[in-house]
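Enquirer: Below is a structure I'd like to ask you about.
Protein chains: 2
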Amino acid sequence: MPKIDGKRLLADLNRIRDFGRYKTGVHRPHLSPQDVESRRWLSDRIREAGLEPVIDGVGSVFGRSSRPGAKLLVGSHSDTQPNGGWLDGVMGVIYGLELARAFNEDAQARALGVIEPVSWADEESAYLSFLGSRSYIGEIVDAEISGARSRDDGTPLTEALERAGFAGRPRIQFEPGRHKAYLEAHIEQGGVLEHEKKRIGVVTTIVGSHQYRIVFEGQQNHAGTTPMRLRRDAGVALTRLCTDIETRFAAIAGPHTVWTTGKIQLTPGVPSIVPGEAEMLFQYRDPDPNILTRFSDALVELVAEASRRGPCRITVERRSRSTPMAMDAAVQDALEAAARRHVKDGWRRMHSGAGHDAQIVAKKLRAGMLFIPSIGGVSHHWSEDTAAEDIVLGAQVLADAAETILRN
Amino acid sequence: MPKIDGKRLLADLNRIRDFGRYKTGVHRPHLSPQDVESRRWLSDRIREAGLEPVIDGVGSVFGRSSRPGAKLLVGSHSDTQPNGGWLDGVMGVIYGLELARAFNEDAQARALGVIEPVSWADEESAYLSFLGSRSYIGEIVDAEISGARSRDDGTPLTEALERAGFAGRPRIQFEPGRHKAYLEAHIEQGGVLEHEKKRIGVVTTIVGSHQYRIVFEGQQNHAGTTPMRLRRDAGVALTRLCTDIETRFAAIAGPHTVWTTGKIQLTPGVPSIVPGEAEMLFQYRDPDPNILTRFSDALVELVAEASRRGPCRITVERRSRSTPMAMDAAVQDALEAAARRHVKDGWRRMHSGAGHDAQIVAKKLRAGMLFIPSIGGVSHHWSEDTAAEDIVLGAQVLADAAETILRN
């Protein structure tokens, strides 16, 4: 069995934490100076592990081996949310690096095949969500890259790639037959494992999500001189729809459905003016495509009803839609067997409520995901953390599962 | 009878419109370079009218006469909302100037007394709401001025006064016995006069208003990985309270009550995060103090209920509270008689849903207000406008009423 070096793994995780350190977390959006530096550092570690490092035309980092034989692609993303956590993404990348080393150092494992680590570009959408994995499976075209800009400051992606020295490089694409599977480990980002005292989650499905922008058109007026009966208050229309959504969605939800209004904006947004316009960003997620369809129908119906009722005109615009993606059954079984070996019943199968590069890669390649607990369920925040022994355990379980997959 | 010179009045209104012109409106917040320039221009016109111009320590402009005898104070404010209208405020100031000239030019009127024009500082709250009129009646202390900052860019008020050259000047205060009354004309800022085809409004009462900031404390979480049952979504708590307010307030409202949520903010305000905090700015207005109390009680009760119900903690903070202010009965009668003379039935008594300097000055001095129609009811917007003949008519009605008040 390949043996994870826990000390080396934790040391590398803590070293890469320095690139953009923010309090106990990290600020390392894709192509920020810290991100670019961290990708060069990762390339050096990949070379030390006996692989050829390649940073491609969008900034994804690959460790490539010219050895023939079976290969697995193992990784995640090393970019972070603004002022994000120190594990979200990069833990899975360092697992890939550590697995590559562990397999290389173990004669039996080495004979089975090669682990190729990967760090995808921009999973967190500083420019384009899932940029690296979507580019890899050919889901992104050059025009999309040319048109993309930083959500933060509007810098063109092409300019940022130029500055990083990645512009003009080829984009590495999926090669049929090169890898037997893709494995990704990640912190759970929720509180289920901790709550149930489990140490390993075997992901069954990554949820699908629908994201919408809902716009309310009313009439801007003076808040003192406009009688209630003459108002077309876009804010009132918005809060009423939100309440209707809460009631209707709670009635038709499945056991795993979640829905969220993340942003509300009233225009002009000052105390003494009746809002003439309002806007909300709304999303829901579920592992079951039928439930997603049910929600989609309900939303369209609620908006149409409310718009018809007046006095504001309401329109809904779909911003994005992803379908639920099942993880490969054999990979799930391998992860489960490995987990059972190490923690007996301390594991569970579970869906992922968050999106991951694995849902993209799975369109072309058998894929599986492993979760380890998030302390307090916290993520997308600098205070995100996981116990060191859980981090080491997760890597060993992933290594064992990788061995099984390469063997079969 | 003193005779308004309509051409001169409109020419002056159009001239002062140049200070901060924005599209067909004006951007002239208190103590902006355009505002300071406009106050110097006004001082020159006041001197030409045979009065001594004084700009005081907060920027209010007074026209002072040393002649003994009866005097009226007539004006409004000449600062504007950001990108505001060309009449809101300044029309009443130019009325004051024109009345001063008309009375001075008419021997009989001149014998009755003097019109002293005024332009109050900062009615629109660039630094401190009703700064000029509150300073005049002694409702403001130096410490409040020292601590005030621009709501726009945080500049200290003292620094802006220094830059304008007004710092260190005395603040002109109310002198008992100096004026028989204060008259203020203003555009209606609503659509009632236009809708009823009336040309003059005689203000009975200026509404009282209560303004609140309501804060919701929940728990920030990942919108994909946090099950609905574990959420403490501050945004959901906010929209639910808004709906509860709509229902309860509609049930207990008087015929004139208005209530408005002008601003909503969710924190962090991004699509995939359950808002951990939310905030809304809420206000209501009514001419009847009993109804204001009823609303205040209902709001406190609704918030307490919702906070008790959970899962978010809700607190309400009062930002300001004004009591309804009745206009002087004899001044109302004088305005009505003058209106009747010019337009027969084309006038009505009405309350003011917006706040005005007259509600402040009325605490010390008999006060009255006259409204003229707003086209389409629009104000606090650069497109605000009023027909030229209504502007001239309003000034003549005000002059006639002033004559009556000085005579009695």
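Just so you know, the sequences run in chain order A and B.
By our numbering, the letter at position 253 of the first sequence is numbered 256, and the numbering carries on one by one without gaps.
By our numbering, the letter at position 21 of the second sequence is numbered 24, and the numbering carries on one by one without gaps.
Glycine residues also receive a C-beta, built at the ideal position from the N, C-alpha and C atoms.
What in chain A is Cβ-close to Ile-267/B, meaning under 7 Å?
Expert: The sequence position of residue 267/B within the second sequence is 264, counting from 1. Ordered by position in chain A, the residues that pass the 7 Å Cβ test against Ile-267/B are Gly-238, Ile-267 and Leu-269.
Enquirer: Would you mind working out which of Gly-380/B, Glu-339/B, Val-29/B and Lys-347/B sits nearest Gly-204/B, comparing C-alpha positions?
Expert: As a working mapping, residue 204/B is identified with position 201 in the second sequence. Taking only the C-alpha atoms, the option nearest Gly-204/B is Glu-339/B.
Enquirer: Got a sec: is the Cβ-Cβ distance from His-383/A to anything in chain B below 7 Å?
Expert: Taking the first residue of the first sequence as 1, we reach residue 383/A at position 380. So, interface residue.
Enquirer: For a quick check, are the C-beta atoms of Arg-288/A and Gly-87/B less than 7 Å apart?
Expert: Along the first sequence, read from residue 1 onward, the residue named residue 288/A stands at position 285. Along the second sequence, read from residue 1 onward, the residue named residue 87/B stands at position 84. No, the Cβ-Cβ distance between Arg-288/A and Gly-87/B is not below 7 Å.
Enquirer: Can you look up Lys-266/A in the DSSP assignment and give me helix, strand or coil?
Expert: Taking the first residue of the first sequence as position 1, residue 266/A is located at position 263. Judged by DSSP in its simplified three-state form, Lys-266/A adopts strand.
Enquirer: Would you call the segment 185–193 of chain B and the segment 87–98 of chain B in contact, with 3 or more CB pairs under 8 Å?
Expert: yes
Enquirer: Touch check for the segment 362–378 of chain A and the segment 260–271 of chain A: three-plus C-beta pairs under 8 Å?
Expert: With the cut-off at 8 Å, the segment 362–378 of chain A and the segment 260–271 of chain A do not touch.
Enquirer: Am I right that Glu-147/B and Leu-131/B are in contact with their C-beta atoms under 8 Å? What's the rounded C-beta distance?
Expert: Along the second sequence, read from residue 1 onward, the residue named residue 147/B stands at position 144. Along the second sequence, read from residue 1 onward, the residue named residue 131/B stands at position 128. Glu-147/B to Leu-131/B, Cβ: 7 Å. Contact.
Enquirer: Which term fits Ala-14/B, buried or exposed, when burial requires 16 or more other beta carbons within 10 angstroms of its beta carbon?
Expert: By one-based count along the second sequence, residue 14/B stands at place 11. Exposed.
Enquirer: Quick one: what's Leu-196/A bridged to in DSSP?
Expert: Looking up residue 196/A in the first sequence gives position 193. Beta-bridge pairing links Leu-196/A to no other residue.
Enquirer: Please work out which residues of its chain come closer than 8 Å, Cβ to Cβ, to Ala-240/A, disregarding the five sequence neighbours upstream and downstream, and give them in chain order.
Expert: For the purposes of this step, residue 240/A is taken as residue 237 along the first sequence, with counting starting at 1. So the qualifying residues of the chain are Phe-219, Gly-221, Ala-281, Ala-309, Pro-314, Cys-315 and Ile-317.
Enquirer: Is the beta carbon of His-359/A closer than 7 Å to that of Ile-208/A?
Expert: Position 205 of the first sequence, counted from the start, is the residue given in the question as residue 208/A. Position 356 of the first sequence, counted from the start, is the residue given in the question as residue 359/A. The sequence given here has Thr at residue 208/A, not Ile. Their beta carbons are not under 7 Å apart, which means Thr-208/A does not touch His-359/A by this criterion.
Enquirer: If you measure between the beta carbons of Met-330/A and Gly-279/A, is that distance less than 7 Å?
Expert: Position 327 of the first sequence, counting from 1, holds the residue named residue 330/A. Position 276 of the first sequence, counting from 1, holds the residue named residue 279/A. No, they are not a contact pair.
Enquirer: Bridge partners for Phe-374/B per DSSP, in chain order?
Expert: Counting from 1 along the second sequence, the entry for residue 374/B is found at position 371. Bridge partners of Phe-374/B: His-189/B and Gly-204/B.
Enquirer: According to the Cβ coordinates, are Gln-214/A and Arg-322/A closer than 7 Å?
Expert: Your numbering for residue 214/A matches position 211 in the first sequence. Your numbering for residue 322/A matches position 319 in the first sequence. Yes, these two residues count as a Cβ contact at 7 Å.
Enquirer: Enumerate in chain order the residues of its own chain whose CB-to-CB distance from Glu-197/B is below 6 Å, with the five nearest sequence positions on each side excluded.
Expert: Taking the second sequence and counting its residues from 1, one reaches residue 197/B at position 194. Pro-376, listed in sequence order.
Enquirer: Between which two residues does the alpha helix (DSSP H) carrying Lys-10/A extend?
Expert: The sequence position of residue 10/A within the first sequence is 7, counting from 1. Looking at the DSSP string, the run of the alpha helix (DSSP H) that includes Lys-10/A is 9–19.
Enquirer: Rounded to a whole number of angstroms, what is the C-alpha to C-alpha distance between Leu-115/B and Val-195/B?
Expert: One-based indexing of the second sequence puts residue 115/B at position 112. One-based indexing of the second sequence puts residue 195/B at position 192. Rounded to whole angstroms, Leu-115/B to Val-195/B spans 35 Å at the Cα level.
Enquirer: Taking buried to mean at least 16 other C-beta atoms within 10 Å of its own C-beta, is Ala-253/B buried or exposed?
Expert: For the purposes of this step, residue 253/B is taken as the residue at position 250 of the second sequence. By the neighbour-count rule (16 or more Cβ atoms within 10 Å), Ala-253/B is not buried but exposed.
Enquirer: Can you have a look at Ile-217/B and say buried or exposed, based on whether 16 or more other CB atoms are within 10 angstroms of its CB?
Expert: The residue given as residue 217/B occupies position 214 in the second sequence. Buried is the call here.
Enquirer: Can you give, in chain order, each stretch of the alpha helix (DSSP H) that sits fully within the segment 265–324 of chain A and has at least 4 residues?
Expert: Unbroken alpha helix (DSSP H) runs of no fewer than 4 residues, entirely contained in the segment 265–324 of chain A, are found at 292–312, following chain order.
Enquirer: Please list the partners that Ala-357/A has in chain B, where partner means a Cβ-to-Cβ separation under 7 Å.
Expert: Working through the first sequence from its first residue, we reach residue 357/A at position 354. Under the 7 Å cutoff, chain B gives His-225, Gly-227 and Thr-228.
Enquirer: Quick check on Val-273/B - is its C-beta less than 7 Å from some C-beta in chain A?
Expert: Here residue 273/B corresponds to residue number 270 of the second sequence, with the count starting at 1. At least one chain A Cβ lies under 7 Å of Val-273/B.
Enquirer: Going by DSSP in three states, Pro-76/B sits in which element: helix, strand or coil?
Expert: Taking the second sequence and counting its residues from 1, one reaches residue 76/B at position 73. A small fix is needed here, since residue 76/B is Leu in this sequence, not Pro. Correct three-state label for Leu-76/B: strand.
Enquirer: Whose CA, out of Thr-161/B, Asn-224/B and Val-96/B, lies closest to the CA of Val-381/A?
Expert: Reading the first sequence from its first residue, position 378 is the one you call residue 381/A. Ranking Thr-161/B, Asn-224/B and Val-96/B by Cα distance to Val-381/A puts Asn-224/B first.
Enquirer: Looking at the C-beta of Met-231/A, does it have a partner C-beta in chain B at a distance below 7 Å?
Expert: Translated into the one-based positions of the first sequence, residue 231/A becomes position 228. Yes - at least one Cβ of chain B is within 7 Å of the one on Met-231/A.
Enquirer: Apart from the five residues just before and just after Lys-26/A, which ones in its own chain have a Cβ nearer than 7 Å to its Cβ?
Expert: Position 23 of the first sequence, counted from the first residue, corresponds to residue 26/A. Taken in chain order, the residues that qualify are Trp-385.
Enquirer: Could you round the C-beta distance between Ala-413/A and Tyr-98/A to whole angstroms and report it? I think they count as a contact, below 8 Å.
Expert: Because chain A in this structure spans residues 4 to 411, residue 413/A falls outside the shown range and cannot be described.
Enquirer: Within 7 Å of any Cβ in chain A, is that where the Cβ of Arg-288/B sits?
Expert: Taking the first residue of the second sequence as position 1, residue 288/B is located at position 285. Closer than 7 Å: yes.
Enquirer: Is it true that the CB of Gly-135/B sits closer than 7 Å to the CB of Gln-176/B?
Expert: Counted from its first residue, the second sequence places residue 176/B at position 173. Counted from its first residue, the second sequence places residue 135/B at position 132. It is not a contact, given that the beta carbons lie outside the stated cut-off.
Enquirer: What runs of the alpha helix (DSSP H), each 4 residues or longer, lie entirely inside the segment 62–134 of chain B?
Expert: If only complete runs of 4 or more residues are kept, the segment 62–134 of chain B shows the alpha helix (DSSP H) at 93–108 and 110–115, in order along the chain.
Enquirer: What's the call for Gly-150/B, buried or exposed, on a 16-neighbour Cβ count within 10 Å?
Expert: By 1-based counting over the second sequence, the position of residue 150/B is 147. Exposed, by the Cβ-count rule.
Enquirer: Taking all protein chains shown into account, decide if Gln-84/B is buried (16 or more other Cβ within 10 angstroms of its Cβ) or exposed.
Expert: Counting from 1 along the second sequence, the entry for residue 84/B is found at position 81. By the 10 Å Cβ count, Gln-84/B comes out buried.
Enquirer: Applying a beta-carbon distance threshold of less than 7 Å, which residues of chain B neighbour Gly-194/A?
Expert: Locating residue 194/A in the first sequence gives position 191, counting from the first residue. Correct list: Leu-233.
Enquirer: List the residues of chain B whose Cβ lies closer than 7 Å to the Cβ of Cys-245/A, in chain order.
Expert: The residue you call residue 245/A lines up with position 242 of the first sequence. Thr-242, listed in chain order.
Enquirer: Determine the direct distance from the alpha carbon of Leu-100/A to that of Leu-16/A, and round the result to whole angstroms.
Expert: On the first sequence, residue 16/A is found 13 positions in, with the first residue counted as 1. On the first sequence, residue 100/A is found 97 positions in, with the first residue counted as 1. The straight-line gap from Cα to Cα measures roughly 11 Å.
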